[in-house]
Structure formats: C-alpha cells, structure tokens
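Q: Okay, here's the structure, questions in a sec.
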Amino acid sequence: MAPSNSNDGEQYEDQHKISTFAVLDLETTNLPANNNNRVGITELCIYAFEAALLKQNSTKGSGENKVPVPPLPRVVHKLNVLFQPSMMVHPDAERFTGLNNYILERESKLDENSAQMILNFLKHLPSPVCLVAHNGWHFDFPIVRKVFAKLNLEFSPTLSCVDSLRAFLEIDDKQSREDGLMKLPQSLSVKVEEAEEAEPIKEPDWRMLNETTPKRPILTPTEAASKRRQISESEDDELEASSPVKRTLSSRRQLFSGLQCAKKKRWPPRGKYNLGSLYERKFNQPPTNAHQAEADVAMVTALIQHYGMDFRAFAEEQAIPFSQIIPLGSPDRRK
1 MAPSNSNDGE QYEDQHKIST FAVLDLETTN LPANNNNRVG ITELCIYAFE
51 AALLKQNSTK GSGENKVPVP PLPRVVHKLN VLFQPSMMVH PDAERFTGLN
101 NYILERESKL DENSAQMILN FLKHLPSPVC LVAHNGWHFD FPIVRKVFAK
151 LNLEFSPTLS CVDSLRAFLE IDDKQSREDG LMKLPQSLSV KVEEAEEAEP
201 IKEPDWRMLN ETTPKRPILT PTEAASKRRQ ISESEDDELE ASSPVKRTLS
251 SRRQLFSGLQ CAKKKRWPPR GKYNLGSLYE RKFNQPPTNA HQAEADVAMV
301 TALIQHYGMD FRAFAEEQAI PFSQIIPLGS PDRRK
C-alpha cells in the first residue's frame, strides 16, 4: 500500500478504537480487469452498526458447526442507492446483478451530489468508522477511491477499512489451532493411563509392612504452605484446561497483531471463502439474492455477528486508514 499523509496516520492512531462498522458492497458494470480498469458503479449499499455489539462469538469448535443466522441489530443505519452508469453493463454483470442500462437510465449518475450524500452518511455515524467489504482491499475500496478522487472529494482522515474475507480466513485459522491445543491434553492423559495400566502388578511385601511402624510426615510451616500452594495451583490448572479459551477483546487482539494483512496477500482455498459459500457453510442455508448489493451486505453483516468479538479484534489490529488504499488504475497500484 502507498504511504499515507502523516497527519492522516496520526489522527488514525489517536482514534485506533473502532466505534462503528460500515459494511459496504458494490455492484459494477464489469470486472475492472476485463476493461483496462475502467468500471462504473451501478449500486452501492452500506449497513452500519455499533462495534461494541460484538461482545462474543457464535463460533464453536472448528467453526464449521451450523448455527442460526443472527438477527440484525436493532440500531442499523442503511444506505442503498443505484446509479446510471457511464458505460455499458457487461452481459455477465447483468446476469449476476439483474441490472442493465435500460432499467438504470432514469437513475442519477454518481456525480458530486451523490458522492457528497455518501460522505454525509458516513459523517452521521459515530466516529471512528471502519469500512468493511468482502474482498474490499482488492475490489470495492480501490474502486470507491478512484471514483471519489475523480470528483476531488476526500473521506474523513479517521476513516479506516478492513477486508472481511481476509478477516474470516485468519480467524478460522486461529480457531483451528486453538481447537488442536484444547484437544492435546486429553490425548496425552489417555496415553499416560494406558501406560499405567500396562505396568505389571507387584505383590506387596506384607512382612515389611507389618513390621514397620507407620509414620506421618511432619512438615514445617513453610513446607506446609508450599504444599497447599502446589495443590491449589494444580486444581487451577485443571480448571483452566477444562474451561473455554479466554475471550477478552485485548487477548483476542493479540492473536492478530503483527500480521500486516493489508500488505501481505494471501489466497484462500478456491471457492471456500466466496461470500455465498461461506454463508451457506456457516448457517446451513443457501444465500438469497446474491450479487444484489443489499443482500450481500446483509450476508457479510450476519457473518460479522457470527464471528463476533474475534472479528472486532481482527479489525482493530489489522484495519488500515482508508487514505492508504491506492485508487484503481493508479500507477502506484501496479508496483
């Protein structure tokens, strides 16, 4: 990513905590790669809600258990707008989105007035705001930056952004590792028990036992206190081993520190983390109206609620200032 303005970075660091998540999705005239990075936005949707609502996780075990789709938070800010594109909608895009030039011909263009409306919507939200989009770092965010740069409009310097696709991938990885660690003590205890059972039984020396006067070990006060402390610590260790993984926000954030996900690309398993597949795998039901902006935003929002505190922890560690996103087609983006 290109370096941001130093003042923008300072303001972002001063307000590192996220107050609001604004989930964004775009529908476009085509894929940028198929038209020399020329692309038009046909639909834009945002759902925004308070980050503090993500207090726990719905994920259990490996993360593949089926759970109900969480209801939307009661307080959700919504924006859904359509635009008349300045170029032809590709037939493939029309097939996926249901939008074409004919049904959009009476819509307003994405001009300065429309862009200002989007900025005002974001300004209305409790700050600092973090934009979220599925594959956002590589698709939605660069397109938005390009459109607003052409209109000479800037976003708030405190606005940050995070890619939900990368977030879900990293969280699932951490969850899998934790599950493996949780199972390790059980496997070790089984092996110890088997070894103990395999030892030959020794006959006691009854003569020695009868002729020896039983003696109770006498401990000094210091030794007695040490013994009690060892017993107490042993009980605490057993209790901790049988308890769920500690899930405070600060402890979860430490799991994702230093990853630099926005700078280091990582390709997920083919098809496993596209939005529809992930939604169906987590909630055991097919997505509805996929590739309609609002439906996609609703799915991402449900998945964010599902991942809960872990998503919030990832975002607070890995979100970057929106000003660091390089606009689509910029020479810096090709480096």
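Residue numbers (UniProt numbering): 1 to 335.
Even glycine gets a Cβ: it sits at the ideal position worked out from N, Cα and C.
Predicted model, so just to flag it, every value in this text is computed and none were measured.
#1: Buried or exposed: where does Y273 fall if 16 or more other Cβ atoms within 10 Å of its Cβ makes it buried?
#2: Grab me the residues of V132's own chain with a C-beta within less than 6 Å of its C-beta, minus the 5 sequence neighbours each way, in chain order.
#3: When DSSP builds the beta bridges, which residues end up paired with F49?
#4: So is P142 buried or exposed if we call it buried at 16+ other beta carbons inside 10 Å?
#5: Between F155, H90, H134, which lies nearest to L122 when the distance is taken from Cα to Cα?
#6: Tell me which residues share the same chain as C130 and place their Cβ nearer than 8 Å to its Cβ, disregarding the 5 neighbours each side in the sequence.
#7: Could you name the residues that DSSP lists as bridge partners for M28?
#8: To the nearest angstrom, how far is the alpha carbon of F311 from that of M87?
#9: Determine the DSSP secondary structure at S160, reduced to helix, strand or coil.
#10: Given that a residue counts as buried once 16 or more other Cβ atoms are within 10 Å of its Cβ, and exposed if not, what is S62?
#11: From S330 to N37, what does the alpha carbon distance come to, in whole angstroms?
#12: Taking I118 as the reference, give the member of N135, V81, S323 with the closest Cα.
#13: Taking Cβ to Cβ, would you say T28 is nearer than 8 Å to A115?
#14: Exposed or buried, N113, counting other C-beta atoms within 10 Å across all chains shown (16 or more means buried)?
#15: Give me the residue from S323, E43, L72 with the minimum Cα distance to I304.
#16: Just how far apart, CA to CA, sit G40 and E178?
#17: Using CA atoms only, rank isn't needed, just tell me which of V75, F256, T97, V69 is closest to Y47.
#18: Over the uninterrupted alpha helix (DSSP H) stretch that includes L122, give me the two end residues.
#19: DSSP three-state call for V69: helix, strand or coil?
#20: Taking all protein chains shown into account, do 16 or more other C-beta atoms lie within 10 angstroms of the C-beta of R252, making it buried, or fewer, making it exposed?
#21: Within 10 angstroms of the Cβ of residue 346, are there 16 or more other Cβ atoms? Answer buried if so, exposed if not.
#22: Mind checking I103: buried by the 16 CB within 10 Å criterion, or exposed?
#23: Decide if S323 is buried, meaning its Cβ has at least 16 other Cβ atoms within 10 Å, or exposed.
#24: Rounded to whole angstroms, what is the Cα-Cα separation between Q254 and L169?
#25: Which term fits F96, buried or exposed, when burial requires 16 or more other beta carbons within 10 angstroms of its beta carbon?
#26: Could you pull the DSSP bridge partners for P287 from this structure?
#27: Look up I320 in the DSSP assignment and give the residues it is bridged to.
#28: Please classify A33 as buried or exposed, where buried requires at least 16 other C-beta atoms within 10 Å of its C-beta.
#29: For a test of the three-state rule: what should DSSP assign to H138, helix, strand or coil?
#30: Report buried or exposed for P85, applying the criterion of at least 16 other Cβ atoms within 10 angstroms of its Cβ.
#31: Could you check whether V67 and F283 sit closer than 8 Å to each other, using their CB atoms as the reference points?
#32: Would you say L79 and C45 are within 8 Å of each other, going by their C-beta atoms?
#33: How would you label L110, buried or exposed, when you count the other beta carbons within 10 angstroms and need 16 or more for buried?
A: Based on what the coordinates show:
#1: Taking the first residue of the sequence shown as position 1, residue 273 is located at position 273. Buried: at least 16 other Cβ atoms inside 10 Å.
#2: Position 132 of the sequence shown, counted from the start, is the residue given in the question as residue 132. Only residues of its own chain outside the window of five on either side were considered, and among them F21, V23, V162, S164 have a CB closer than 6 Å to the CB of V132, listed in chain order.
#3: Sequence index remark: in the sequence shown, residue 49 carries index 49 (1-based). F49 is bridged to F21.
#4: Numbered from its first residue, the sequence shown carries residue 142 at position 142. Result: buried.
#5: Translated into the one-based positions of the sequence shown, residue 122 becomes position 122. Checking every option, the nearest Cα to that of L122 belongs to F155.
#6: Numbered from its first residue, the sequence shown carries residue 130 at position 130. Excluding residues within five positions, the ones whose Cβ falls inside 8 Å are I18, T20, F21, A22, A51, L159, S160, C161, V162, A315, A319.
#7: By 1-based counting over the sequence shown, the position of residue 28 is 28. One detail in the question is off: residue 28 reads as Thr in this sequence, not Met. Assignment of beta-bridge partners to T28 by DSSP yields I41.
#8: To locate residue 311, count along the sequence shown from 1; it is residue 311. To locate residue 87, count along the sequence shown from 1; it is residue 87. For F311 and M87, the distance between alpha carbons rounds to 37 Å.
#9: The residue labelled residue 160 in the question sits at position 160 within the sequence shown. S160 falls in the strand class under three-state DSSP.
#10: For the purposes of this step, residue 62 is identified with residue 62 of the sequence shown, where counting begins at 1. Confidence at S62 is low in this model, with a pLDDT of 41, below 50, so its placement is unreliable and the value that follows should be read with caution. Counting the other Cβ atoms within 10 Å of the Cβ of S62 gives fewer than 16, which makes it exposed.
#11: Looking up residue 330 in the sequence shown gives position 330. Looking up residue 37 in the sequence shown gives position 37. The alpha-carbon atoms of S330 and N37 are separated by roughly 10 Å.
#12: Locating residue 118 in the sequence shown gives position 118, where the first residue counts as 1. Taking I118 as reference, the option from N135, V81, S323 with the minimal CA-CA separation is V81.
#13: In the sequence shown, the residue the question calls residue 28 occupies position 28. In the sequence shown, the residue the question calls residue 115 occupies position 115. For T28 and A115, no; Cβs fall outside 8 Å.
#14: As a first step, residue 113 is located in the sequence shown; it is residue number 113 there, counting from the start. By the neighbour-count criterion, in which a residue is buried when 16 or more other Cβ atoms sit within 10 angstroms of its Cβ, N113 is exposed.
#15: Translated into positions along the sequence shown, residue 304 becomes position 304. Of the listed residues, the one whose Cα sits closest to I304 is L72.
#16: As a working mapping, residue 40 is identified with position 40 in the sequence shown. As a working mapping, residue 178 is identified with position 178 in the sequence shown. Near 43 Å, if we compare the C-alpha coordinates of E178 and G40.
#17: Position 47 of the sequence shown, counted from the start, is the residue given in the question as residue 47. Closest option to Y47, judged by alpha-carbon separation, among V75, F256, T97, V69: V75.
#18: Within the sequence shown, residue 122 is the residue found at index 122, counting from 1. Counting along the chain, the alpha helix (DSSP H) containing L122 begins and ends at 112-124.
#19: For the purposes of this step, residue 69 is taken as residue 69 along the sequence shown, with counting starting at 1. Here V69 sits in coil by DSSP.
#20: On the sequence shown, position 252 is the one that residue 252 refers to. Residue burial annotation: R252 is buried, with at least 16 other C-beta atoms found within 10 angstroms of its C-beta.
#21: The structure shown does not extend to residue 346, since the chain is modelled only from 1 through 335, so no value can be given for it.
#22: As a working mapping, residue 103 is identified with position 103 in the sequence shown. Counting of Cβ neighbours within 10 angstroms places I103 among the exposed residues, the total staying below 16.
#23: To locate residue 323, count along the sequence shown from 1; it is residue 323. Here S323 is buried. Its C-beta has 16 or more other C-beta atoms within 10 Å.
#24: Counting from one through the sequence shown, the residue named residue 254 turns up at place 254. Counting from one through the sequence shown, the residue named residue 169 turns up at place 169. About 17 Å.
#25: For this step, residue 96 is matched to residue 96 along the sequence shown. Exposed: under 16 other Cβ atoms inside 10 Å.
#26: As a working note, residue 287 is residue 287 in the sequence shown. Paired residue(s): none; P287 is not in a bridge.
#27: Counting from one through the sequence shown, the residue named residue 320 turns up at place 320. Paired residue(s): C161.
#28: The residue labelled residue 33 in the question sits at position 33 within the sequence shown. Answer is exposed; the Cβ neighbour count stays below 16.
#29: The sequence position of residue 138 within the sequence shown is 138, counting from 1. Reduced to three states, the DSSP call for H138 is coil.
#30: Locating residue 85 in the sequence shown gives position 85, counting from the first residue. By the 10 Å Cβ count, P85 comes out buried.
#31: Position 283 of the sequence shown, counting from 1, holds the residue named residue 283. Position 67 of the sequence shown, counting from 1, holds the residue named residue 67. Going by C-beta atoms, F283 is nearer than 8 Å to V67.
#32: Along the sequence shown, read from residue 1 onward, the residue named residue 79 stands at position 79. Along the sequence shown, read from residue 1 onward, the residue named residue 45 stands at position 45. At a Cβ-Cβ threshold of 8 Å, L79 and C45 count as neighbours.
#33: Indexing the sequence shown from 1 puts residue 110 at position 110. Buried, since its Cβ has 16 or more Cβ neighbours within 10 Å.
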